[in-house]
Each structure stands twice: as structure tokens, then as C-alpha cells.
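Colleague: Counting with numbering that gives the first Met the number 0, you get residues 0 to 282 for the letters of the sequence shown. Encoded as C-alpha cells, here's the structure I'll be asking about.
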Amino acid sequence: MPADLALDTAVTPVPGSPGHYTTNLPDAWSWNLPSGGVLMTVALRAIEATIADATFRPVSATTIFCSPVPAGPLDIRVEVLRRGNAAVQARAALRAQASAETDLEVSATFARERPGFDLLDTAPPRVPDPEEAPSIVEPRRSVAGRSEYPFLDNFDSRLALGHVWWKPGWPAGSARYARWMRYKVPQRLADGTLDPFAIPPIADLMPPALRQKLGPEGPHFHAPSLDLTVHFLDPTTSDWHLVSVWARRARAGYATAEAEVWGADGKLTAYATQTMILRKPTR
């Protein structure tokens with residue numbers, strides 16, 4: 000059964016310890032380890048709980064990934080850096096309860112909407128609608144009774160731009176890639192719009208753009224995140240979300256990429272950037 004992101008990333012306050020929260024993240028949101036975007040969502044929920052004012056919505060957030068985090072019990076501590084009438088800035092330190100040090104830190108700005116001009120100077124790529132795009136069913140195996148990459152079981156995924164990277168015989172091209180993503184358990188706020196905390200998990204899917212440039216015969220790599228920044232933009236009521244990625248540069252063992260997240264209604268819901276460390280795969 001697909002997992003519910005809102006339920007699995009909910010945090011519980013620790014009595015008598017302001018800004019202190021715990022949760023127990025299941026393995027359902029893992030690749031080999033939990034998705035960095037999902038861990039970012041956990042930390043953002045703790046920041047939201049500390050702010051405790053629904054008129055403040057997330058505007059931007061940056062996560063620094065320090066150490067791998069296993070599924071299971073997590074500990075989150077939030078510090079409010081500045082609280083103003085228009086914006087609140089805070090940071091959250093997250094660690095596995097078995098860790099002695101911080102495993103990741105999120106710095107975020109939450110803000111109230113204000114009067115201002117409305118400007119958009121970009122457009123979604125021309126791609127097939129999700130109903131017309133082919134499904135992405137990545138080859139996986141069962142390991143010790145566990146489905147490899149259980150994260151993928153929580154989504155419908157359609158190829159919008161680029162090639163199916165695990166198959167041979169396609170030509171290398173631009174380092175651009177796009178896929179349609181839909182949560183099998185919808186992630187919506189009470190007003191029917193997409194929960195903004197559902198964006199980091201789908202924004203944290205940038206490495207396949209590198210494969211498009213390298214081609215099917217290029218070097219194999221594993222690309223853990225060093226950081227992830229998400230700018231939360233337009234609300235959307237769409238179920239399908241187009242994650243369009245461009246990997247600008249890779250050198251010296253690192254790569255950078257950026258992603259736009261578009262609703263099927265044409266709303267630009269988010270813009271994200273990421274730095275990855277490139278490693279040889281263990282298998």
C-alpha cells in the first residue's frame with residue numbers, strides 16, 4: 000500500500016521542551032536510506048509547529064545534509080532566529096536518535112502574503128500531458144523481503160522529457176530531464192491546494208538529468224545530496240506535478256542542478272537547486 004507523507008512526517012512535541020519534537024519515520028520513504036527531501040519535510044513541519052501561526056506559509060528553505068539518516072526515531076530541535084510581522088526565520092537541527100551530532104539542518108523563511116506586483120518570466124517545457132506520457136517503472140529487486148527503493152511505491156511517475164536511463168541504445172543529449180509525479184495518497188491542505196511540504200520529496204529527484212548527458216554507456220554514479228534549496232511559489236490544486244530538471248555542471252566529483260516544479264494547471268509551484276557529491280556505486 001502507498002504511504003501517506005503527511006502522516007509519516009508528522010512531528011510530536013516533547014513536553015516541557017519548547018521547540019523540541021520527535022517522529023518515527025518509516026522505511027516507506029527510503030531509497031537505500033530515507034529521501035533527503037522527505038527528511039527536509041520533517042524538519043519543516045517542526046518549524047511550522049514552532050511558529051504556530053497558519054498565516055505564515057513557507058517561502059524558501061535550505062537543507063544542509065551532514066550525515067546519512069536511517070529510518071526510525073528522529074529528534075528535531077527548532078530555533079526561531081527572527082519573528083517579524085511579515086516573516087519568520089528559523090532553523091531546525093534533525094538527527095537520528097542514535098546519532099550524537101546533527102545529521103541535517105534546515106534554515107527556512109515563512110511569510111505572510113503582502114500586496115505587490117505579479118511577474119512570471121518562465122514557462123513549462125513542451126511535454127506530453129501526464130495522461131499521454133509513458134509510465135516510468137524502474138527495475139527493482141526484492142532484498143530480504145523488502146522492495147528495493149520503496150520511495151517509488153508512493154507515486155505514479157510518467158516520463159515527460161528525456162530517455163529511460165536504464166535501457167541501452169539511446170543517444171546522449173542535453174542534461175535535461177522531466178517527469179510527471181503524482182502522490183498515490185493525495186497531499187492537500189484544507190483549502191484543496193497542494194501541501195507545500197509535499198514539494199521537497201519530488202524536487203529531490205535531480206540526478207537522472209546527468210545521465211541524459213552521459214548517455215547509457217557513460218560512467219555509473221551515485222549522487223547523494225549535499226544540500227537542497229526549495230523556493231515555494233504558486234499554490235496549485237493539481238494532482239500531477241511536472242519536475243523539470245537541468246544539470247548545468249559536473250566537475251571535480253560534484254554536480255549542480257536546478258528544478259522547476261509545475262502543476263498540470265500551469266502554475267509554477269516551486270523552484271529548487273541542489274549540489275550533489277558524485278560517487279562510484281557500491282554495486
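All C-beta atoms, glycine included, are put in the ideal place defined by N, C-alpha and C.
By Cβ distance below 8 Å, which residues in the same chain neighbour T255 in space, the five residues on each side in sequence not counted?
Modeller: Within the same chain, T255 has close Cβ partners A246, R247, R248, A249, T272, Q273, T274 and M275.
Colleague: At a Cβ threshold of 7 Å, is V41 touching chain B?
Modeller: In the displayed structure, chain B is absent; only one protein chain is listed.
Colleague: By the 10 Å Cβ neighbour count, where 16 or more other Cβ atoms means buried, how is R140 classified, buried or exposed?
Modeller: Looking at its Cβ environment, which holds fewer than 16 other Cβ atoms inside 10 Å, R140 is exposed.
Colleague: Considering only their Cβ atoms, is the gap separating V105 from L160 smaller than 7 Å?
Modeller: No, Cβ-Cβ distance for L160 and V105 is not below 7 Å.
Colleague: Runs of 3 residues minimum, wholly inside the segment 29-61: which ones carry the beta strand (DSSP E) assignment?
Modeller: Runs of the beta strand (DSSP E) inside the segment 29-61: none found.
Colleague: Please classify H219 as buried or exposed, where buried requires at least 16 neighbouring CB atoms within 10 angstroms.
Modeller: Exposed, because fewer than 16 other Cβ atoms sit within 10 Å of the Cβ of H219.
Colleague: Excluding the five sequence neighbours on either side, which residues of its own chain have a C-beta within less than 7 Å of the C-beta of A5, listed in chain order?
Modeller: These residues qualify, in order along the chain: Q186 and D194.
Colleague: Under 8 Å Cβ to Cβ from S34, same chain only, skipping five residues before and after it: list those, please.
Modeller: W28, F150, P200 and D203.
Colleague: Taking only three categories from DSSP, how would you classify P200?
Modeller: DSSP places P200 in helix when its eight states are reduced to three.
Colleague: Distance, Cα to Cα, F196 vs L227?
Modeller: Approximately 14 Å between the Cα atoms of the pair.
Colleague: When DSSP labels each residue in this structure, what does L118 get in the three-state scheme?
Modeller: It is coil, neither helix nor strand.
Colleague: I'd like to check one pair, A132 with R157: are the Cβ atoms closer than 7 Å?
Modeller: Result yes, Cβ atoms of R157 and A132 sit closer than 7 Å.
Colleague: Does the distance from the C-beta atom of A45 to that of V77 stay below 7 Å?
Modeller: Cβ atoms of A45 and V77: closer than 7 Å.
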